[in-house]
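Student:
Protein chains: 2
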Amino acid sequence: MPVKLKDLAQQLGLSQTTVSRALNGYPEVSEATRDRVLRGARRLHYQPNARAQRLATGRAMAIGHVIPTATKYALVNPIFADFMAGAGETYAGAGYDLLMSVVREEDELDAYRQMAARGSVDGVIVHGPRAEDPRIALLKSLGLPFVVHGRLDGPDQSYAWLDINNGRSFRRAADLLFDLGHRRLALLNGPEVMDFAARRRAGYLEAHRARAIPADPALMLADEMTEGFGFRAGLELLRSEAPPTAFLVSSYIIALGVRRAAETLGLSLGTDISLITHDDDLSYLNNRGEVPAFSATRSSAREAGRRCAEIVIERIAEPDSPPLQELWETELTIGLSTGPCRSTDAT
Amino acid sequence: MPVKLKDLAQQLGLSQTTVSRALNGYPEVSEATRDRVLRGARRLHYQPNARAQRLATGRAMAIGHVIPTATKYALVNPIFADFMAGAGETYAGAGYDLLMSVVREEDELDAYRQMAARGSVDGVIVHGPRAEDPRIALLKSLGLPFVVHGRLDGPDQSYAWLDINNGRSFRRAADLLFDLGHRRLALLNGPEVMDFAARRRAGYLEAHRARAIPADPALMLADEMTEGFGFRAGLELLRSEAPPTAFLVSSYIIALGVRRAAETLGLSLGTDISLITHDDDLSYLNNRGEVPAFSATRSSAREAGRRCAEIVIERIAEPDSPPLQELWETELTIGLSTGPCRSTDAT
DNA sequence: GTGAAAGCGCTAACAA
DNA sequence: TTGTTAGCGCTTTCAC
Chain A
1 MPVKLKDLAQ QLGLSQTTVS RALNGYPEVS EATRDRVLRG ARRLHYQPNA RAQRLATGRA
61 MAIGHVIPTA TKYALVNPIF ADFMAGAGET YAGAGYDLLM SVVREEDELD AYRQMAARGS
121 VDGVIVHGPR AEDPRIALLK SLGLPFVVHG RLDGPDQSYA WLDINNGRSF RRAADLLFDL
181 GHRRLALLNG PEVMDFAARR RAGYLEAHRA RAIPADPALM LADEMTEGFG FRAGLELLRS
241 EAPPTAFLVS SYIIALGVRR AAETLGLSLG TDISLITHDD DLSYLNNRGE VPAFSATRSS
301 AREAGRRCAE IVIERIAEPD SPPLQELWET ELTIGLSTGP CRSTDAT
Chain B
1001 MPVKLKDLAQ QLGLSQTTVS RALNGYPEVS EATRDRVLRG ARRLHYQPNA RAQRLATGRA
1061 MAIGHVIPTA TKYALVNPIF ADFMAGAGET YAGAGYDLLM SVVREEDELD AYRQMAARGS
1121 VDGVIVHGPR AEDPRIALLK SLGLPFVVHG RLDGPDQSYA WLDINNGRSF RRAADLLFDL
1181 GHRRLALLNG PEVMDFAARR RAGYLEAHRA RAIPADPALM LADEMTEGFG FRAGLELLRS
1241 EAPPTAFLVS SYIIALGVRR AAETLGLSLG TDISLITHDD DLSYLNNRGE VPAFSATRSS
1301 AREAGRRCAE IVIERIAEPD SPPLQELWET ELTIGLSTGP CRSTDAT
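Residue numbers (our numbering), protein chains in the order written: chain A, 1 to 347; chain B, 1001 to 1347.
1. Nearest-angstrom Cα distance between A/Thr18 and B/Leu1138?
2. Taking 8 Å as the CB-CB limit, is A/Pro191 close to chain B?
3. Which chain B residues are close to A/Thr277, counting only those with a beta carbon under 7 Å from its beta carbon?
4. Which residues of chain B have a Cβ atom closer than 9 Å to the Cβ of A/Val103, listed in chain order?
5. Using the beta-carbon count (16 or more within 10 Å), is B/Gly1143 buried or exposed?
6. Can you tell me whether B/Ala1212 is helix, strand or coil according to DSSP?
7. By the criterion of Cβ-Cβ separation under 7 Å, what are the contact partners of A/Gln16 in chain B?
8. Tell me whether A/Arg306 is buried or exposed, calling it buried when 16 or more other Cβ atoms sit within 10 Å of its Cβ.
9. Where do the N-terminal and C-terminal ends of the beta strand (DSSP E) with A/Ser101 fall, by residue?
10. Determine the burial state of A/Ser15: buried for a count of at least 16 other Cβ atoms within 10 Å of its Cβ, exposed for fewer.
11. Using beta-carbon positions only, say whether A/Gly123 and A/Arg302 come within less than 8 Å of one another.
12. Going along the chain, which residues of its own chain have a beta-carbon closer than 7 Å to the beta-carbon of B/Ala1296, five neighbours each way excluded?
13. Distance cutoff 8 Å, beta carbons only. Does B/Thr1069 sit that close to anything in chain A?
14. By Cβ distance, which residues of its chain are closer than 7 Å to B/Ser1120, with the 5 residues on each side in sequence left out?
15. What whole-angstrom Cβ distance do A/Leu275 and A/Leu269 have, given they're in contact under 8 Å?
16. Identify every residue that forms a DSSP beta bridge with B/Glu1348.
17. In chain order, what residues of the same chain lie with their CB nearer than 7 Å to the CB of A/Gly40, ignoring the 5 residues before and after it?
18. Ignoring anything shorter than 4 residues, give me the alpha helix (DSSP H) runs that lie fully in the segment 181-208 of chain A, in order along the chain.
19. For A/Gly64, which beta-bridge partners are listed by DSSP?
20. How close, in whole Å, do the beta carbons of A/Asp216 and A/Arg184 come, if the pair is a contact with beta carbons under 8 Å?
21. Who are the neighbours of B/Met1100 on chain A, taking C-beta pairs under 9 Å?
22. What do you get for B/His1149, buried or exposed, if any count of 16 or more other CB atoms within 10 angstroms of its CB means buried?
23. What does the alpha-carbon distance come out to for the pair A/Ala173 and A/Cys308?
24. Check A/Leu152 in the structure and name its three-state DSSP category.
25. Could you say which of B/Glu1028, B/Leu1044, B/Lys1004 and B/Asp1082 lies nearest to B/Arg1051 if we only look at CA atoms?
26. Excluding five sequence neighbours on each side, which residues of the same chain lie with their C-beta closer than 6 Å to the C-beta of A/Ala116?
27. Just to confirm, does A/Pro155 get its C-beta within under 7 Å of one of the non-hydrogen atoms of the ligand ADP?
28. Check for me: the beta strand (DSSP E) holding A/Ser274 runs from which residue to which?
29. Leaving aside the five residues before and after A/Trp161 along the sequence, list all residues of the same chain whose C-beta is less than 6 Å from its C-beta, in chain order.
30. Who are B/Val1019's beta bridge partners in DSSP?
31. What does the alpha-carbon distance come out to for the pair A/Asp82 and A/Glu310?
32. Nearest to A/Gly339 by alpha carbon, out of A/Arg260, A/Ala246, A/Ser251 and A/Pro322?
33. Taking beta-carbon pairs under 7 Å, can you tell me which members of the segment 1106-1134 of chain B lie near chain A?
34. Would you give the residue range spanned by the alpha helix (DSSP H) that A/Met115 belongs to?
35. Do B/Pro1191 and B/Glu1224 have their CB atoms nearer than 8 Å?
36. Check whether the Cβ atoms of B/Val1102 and B/Ile1125 lie closer than 8 Å to each other.
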């Protein structure tokens, strides 16, 4: 039988109220009493019953993460895990639990509705927004505080988000490749209904426009982020009449496929062709069996998780405050797979 | 303001008691009344308040998963995500939430203690048991129902687990390679403090003993499951005096490294050397840019998740029932990376 | 078959 | 600064 507030109060000869206040850091309790209470709580191994606290306060002390099991837009990546770790850290520090709901894509909205209706969470983090994302409208109508990891265009920007500057990072990556003499850059992107992918494409195009280099639609492919896509696309492009001299790819998993395609054709990355992948997704790309930038990447994902958690907790406390919107700059990782253009027909 | 039980009862001219009973499927309520209640609940969009239910019943209606953020023994893999999806499915069907706690390894036991003390979960699933795993003893002493995904040797087998037959699958993989004429099989294993890794090693050794083929310790390596390990180990072994003709590796991520090592040395998988990885971890291994066995693997992980969830829910209902222990056979995936031994010195 | 009433263990007005 | 009291919204004896 666990010791409860009542027991503790009796032991100390105090009222439950005072004990509760002491424990919860209310200012009106005297330091002497607080000390006695904290000491007693420790001695009796008192742990408040979370269920009772939740009912009494009307708060769930939990944040929800709804993960659709879409095999296509694989959320399964180390970055995501680090994001969760970062968020989890912050939650733990703030006394929140992390409620995860893994559902089929078609049940996604219902999952939010249910969380809201049953009051099992106080707020949610939304991952990977898509164009015209219905989740945002839904969460607003439910009055459930939320923060979006990512963001999207639209007339209504009255919600909190945290995003990395996808457009600019791809713009800069393309610029770098142009500076190295490349002119035909393949873009292997994720599904362009995903906001991040659309922005990356925009950055790629912008770089072309800025130098008045025509962007060849034949070089711009988008599909699910798998090694298979990277391999097939890489093979096809490299074997084509006018192959690219460099690849700009949207995820390390696609990059793995490109690397294999290059190897299959006897081409060497960083020498014959260049390859850049987004920092946010970088992993096993260099040729040494090392994963040097990986940990940096992972820690940045962790930081994003932490920050998103902070933001959602803030919004729970102050639902009507102006929504925080943060755009983060990220570095692209060039690693060992990028070099000057060696192709003779690149002018 | 959400509609609550009281409102619903008033609307229907019934007592809260009857409405509650009707909703929760108690037998003593008449069919007519139950119908009226269910209809009314739907009409008014009644959703029970989870916090109140939890307090009243004394159950959390949640299952905990504690994930240590050990970068070394990366839990970050698609298999894990599918396991979670399977578990999540079952939870949702049974009205349970999934509470995830991502903590530093040293805080792992505390996470369980806290879950138990605060009553935020009714049971937990333990992942990846290690030799002499302290979590099991702890959970027993806490009286928190649990099921282990994986298992371990030890005098006390009085706990529920679900495991795949790691030993037998590696035994069979080695047998297959022997049948193909290979004699020098490298084993690139995960950390052998992990139960699954120890069992895989045992299976590998057993196959050797059965054919009276000496197992060369120089060919048996164990380290963290990274591409880097696979690459370095692959390179080193393949360049050695007496290289292996086949690799038996414990995870697809290690296999990626081996593949790269082979390619670096101009060797072709499936022709010059063979490579088998465990079904449970298979991913991007074949040479076609396809991931054929992947979905099968993933669905089996999902099934394991479902089953573990079922087991833990059963144990919550019947904590004193004899623990369920299930050993699953799995297939190894041979894919396109395995062929007869071509090496002349394999006799 | 239905209802009244007493909690579940805590928090938070309000009063002292 | 501390205590009294009334809930939070549901479940569950117990009585009818």
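Beta carbons are placed, not taken as given, at the ideal position from N, Cα and C, and that holds for glycine.
Tutor: This is what the structure gives:
1. Using only the alpha carbons, I get a separation of about 33 Å.
2. So, not an interface residue.
3. Near A/Thr277 there are no residues of chain B at all, since even the closest Cβ is about 15 Å away, more than 7 Å.
4. Neighbours of A/Val103 on chain B, chain order: Ala1085, Gly1088, Glu1089 and Ala1092.
5. Under this definition B/Gly1143 is an exposed residue.
6. If DSSP states are grouped into helix, strand and coil, B/Ala1212 belongs with coil.
7. Near A/Gln16 there are no residues of chain B at all, since even the closest Cβ is about 16 Å away, more than 7 Å.
8. Buried.
9. Run containing A/Ser101: Asp97 to Val103, per the beta strand (DSSP E) assignment.
10. It counts as exposed.
11. The answer is no: Cβ separation not under 8 Å.
12. Legend: pLDDT at B/Ala1296 = 46, less than 50; position of this residue unreliable, no value from coordinates given.
13. For B/Thr1069, the closest Cβ of chain A is nearer than 8 Å.
14. Contacts found: Ala1060, Ala1062 and Leu1099.
15. That belief holds up - the Cβ atoms of A/Leu275 and A/Leu269 are roughly 5 Å apart, short of 8 Å.
16. With chain B running from 1001 to 1347 in the structure shown, residue 1348 of chain B is simply not present.
17. Closer than 7 Å at the Cβ level, and outside the excluded window around A/Gly40, lie Leu8, Gln11 and Leu12.
18. As far as the segment 181-208 of chain A is concerned, it has no whole alpha helix (DSSP H) run of at least 4 residues.
19. Looking at the DSSP assignment, A/Gly64 forms a beta bridge with A/Leu99 and A/Val124.
20. Rounded, the Cβ-Cβ distance is 7 Å, consistent with contact.
21. Chain order gives the chain A residues near B/Met1100 as His65, Met84, Gly88, Asp97, Leu98, Leu99 and Met100, where near means a beta carbon separation below 9 Å.
22. By the neighbour-count rule (16 or more Cβ atoms within 10 Å), B/His1149 is buried.
23. Going by the C-alpha atoms only, they are around 26 Å apart.
24. The three-state secondary structure of A/Leu152, taken from DSSP, is coil.
25. B/Arg1051 has its Cα closest to that of B/Lys1004, out of B/Glu1028, B/Leu1044, B/Lys1004 and B/Asp1082.
26. Leu142 and Leu144.
27. Absence of the ligand ADP from the depicted structure is noted, as is the absence of any ligand whatsoever, leaving it without description.
28. First-last of the beta strand (DSSP E) with A/Ser274: Ser274 to Thr277.
29. Here the set comprises Val148, Arg151 and Gln325.
30. Note: B/Val1019 is not bridge-paired with any residue in the DSSP secondary-structure output.
31. Their Cα atoms are separated by approximately 16 Å.
32. The shortest C-alpha to C-alpha distance from A/Gly339 to any of A/Arg260, A/Ala246, A/Ser251 and A/Pro322 is the one to A/Ala246.
33. Cβ contacts with chain A: Ala1117, Arg1118, Gly1119 and Ser1120.
34. Start and end: Glu108 to Arg118.
35. Yes, Cβ-Cβ distance for B/Pro1191 and B/Glu1224 is below 8 Å.
36. Cβ distance not < 8 Å, so B/Val1102 and B/Ile1125 don't count as in contact.
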